[in-house]
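See below for the structure under consideration.
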Amino acid sequence: MSLKSKRLGSLADIFQSEVLEGTIRKIKISKILPSERQPRGDRKKSVEELANSIMIDGLLQPIVVTKSGQDESYKIIAGERRFHAVSQLGWLEVECKILNKPEKEIYKLAVIENLQRENLSAYDEADAMKILKVEYGYTDNEIGSIFGKSRNYITEILSISVLGQKELEACREAGIDNKNLLVQAAQSHKKGDFSSFIENFKNGSLKTIKEAKEFNKKKTTNLTKKNTAAEKYSIERLENKLIIKSDNPKLLIEIEAKIRKTFSDFLN
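Residues in the sequence shown are numbered consecutively from 1, following the working numbering.
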């Protein structure tokens, strides 16, 4: 072997062992692993159609991967559907773009890729945003900047995460797939009226976002009226008791003011 060949061989070995950031090369399918954490709930959505497209037009974008541990395997950052599609086609290797990123960055990139290529469902988006905030420490403002969304949008999406698995399943079964309707469902859950919200949606009383907002607004108004009535009733009972013990109007006025403030603080 010539000296030049030996040098080229050495360079190839270096690139194999220390992959440069952004390198694009073919990797054996057997060496590629799906990520344990994928923002999209349905990992194999439309894979059949994608496989047909790749068979006709080829793979238009490489799969984005990162090194996995100490072995020679790679973990998918973005492009899991492409991976399943080419696997279905029987490919032995596929073109990949290799990135060296920490776990926090890997998950963020996976969410970005899913949002850009095909919108995540409101359920998946809420779950992904919650993971970015709770597990990886991103603030609402940072998440908004990453995805080009307003802070208000991020806050609304995150509000869906107050719903437990049971409530989320009830929403799915009822056919609620709109983000804004899910936000209103979360609001009804906070007010303790989730079951009524779902029943009204099922029977057609809550067909639009406007109607859902009116439902929650009405419940809030009714709750305020109840609290006000309870406060008034309690004050009147206390006043009646105090009147028996004191005939001093000035003292009663002062006591009434203190009672009202105490109840107001309690109800707030």
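Beta carbons: idealized from backbone N, C-alpha and C, even for Gly.
First and last residue of the uninterrupted beta strand (DSSP E) at residue i
i, result
"E95", "93 to 98"
"I146", "Segment 140 to 147 is the alpha helix (DSSP H) holding I146; no beta strand (DSSP E) there."
"I54", "Per DSSP, I54 belongs to no beta strand (DSSP E); it is in the alpha helix (DSSP H), 47 to 57."
"I301", "Only positions 1 to 268 of the chain appear in the structure, and residue 301 is not among them; the question remains open."
"I27", "23 to 28"
Spatial neighbours of residue i in its chain, beta-carbon cut-off 7 Å, leaving aside the 5 residues before and after
i, result
"A212", "L181, Q184, L206"
"K226", "Summary for K226: the model assigns pLDDT 48, below 50, so the residue's position carries little reliability, and this model does not support an answer."
"N216", "Q184, Q187, S188, K191"
"E21", "L99, N100"
"A229", "Confidence at A229 is low in this model, with a pLDDT of 47, below 50, so its placement is unreliable and the value that follows should be read with caution. Around A229: no qualifying Cβ."
"E167", "H189, F194"
"T170", "It is Ala, not Thr, that sits at residue 170 in the sequence shown. Once the five neighbours on either side are set aside, the close Cβ partners of A170 are I198."
Where the alpha helix (DSSP H) through residue i begins and ends
i, result
"T155", "151 to 159"
"Y74", "That residue, Y74, is in no alpha helix (DSSP H); its beta strand (DSSP E) goes 74 to 78."
"I131", "122 to 134"
Residue from the options with nearest C-alpha to residue i
i, options, result
"G320", "V94, I77, E80, E103", "The structure shown does not extend to residue 320, since the chain spans only 1 to 268, so no value can be given for it."
"F147", "K217, L120, S30", "L120"
"I209", "G192, K104, F194, K179", "K179"
"V47", "S145, K190, L89, K218", "L89"
"I29", "A122, Y138, M55, E72", "E72"
"S35", "E80, S53, M55", "E80"
"L92", "T23, K202, I27, L60", "I27"
"E173", "N52, S195, T23", "S195"
"V134", "I198, N152, K104", "K104"
"T66", "D124, K31, Y138", "K31"
"D124", "Q165, G204, A257", "Q165"
"L214", "F197, C96, A128", "The residue you asked about is not Leu; residue 214 is Glu in the sequence shown. Of F197, C96, A128, the residue nearest in Cα terms is F197."
"A122", "P102, Y153, S145", "Y153"
Beta-carbon spacing of residue i, residue j below 8 Å
i, j, result
"V64", "I77", "yes"
"Y107", "I131", "yes"
"I157", "A110", "no"
"K75", "L115", "no"
"D177", "T155", "no"
Close Cβ partners of residue i (< 6 Å) along its chain, the five nearest in sequence each way excluded
i, result
"S161", "A126, K130"
"Y233", "Caution applies to Y233, whose pLDDT of 49 falls short of 50 and renders its modelled position unreliable; the value that the coordinates give is listed next. There are no such residues."
"T50", "Rather than Thr, the amino acid found at residue 50 in this sequence is Leu. The answer, listed in chain order, is R81, A85."
"I54", "A85"
"N326", "Since the first and last residues shown for the chain are 1 and 268, residue 326 lies out of range."
"Y136", "K104"
"Y138", "L132"
"I244", "For I244, the pLDDT reaches just 45, beneath the cut-off of 50, and the residue's location in the model is therefore unreliable, leaving the point undetermined."
"I112", "none"
Chain-order list of residues whose beta-carbon lies under 8 Å from that of residue i (same chain, five-residue window excluded)
i, result
"T224", "In this predicted model, T224 has a pLDDT of only 48, less than 50, meaning its place in the structure is not dependable; the value taken from the coordinates is given anyway. Same-chain partners within the cutoff: there are none."
"S68", "L33, Y74, K75"
"Q61", "G79, R82"
"K97", "G22, T23, I24, P62, I63, V64, V65"
"S150", "G144"
C-beta neighbour in chain C for residue i, strict 8 Å
i, result
"V134", "The chain labelled as chain C is not found in the depicted structure, where only one protein chain is given."
Exercise for the section: Counting only runs of 3+ residues fully inside the segment 175 to 216, write out the beta strand (DSSP E) ranges in chain order. Expected result: none
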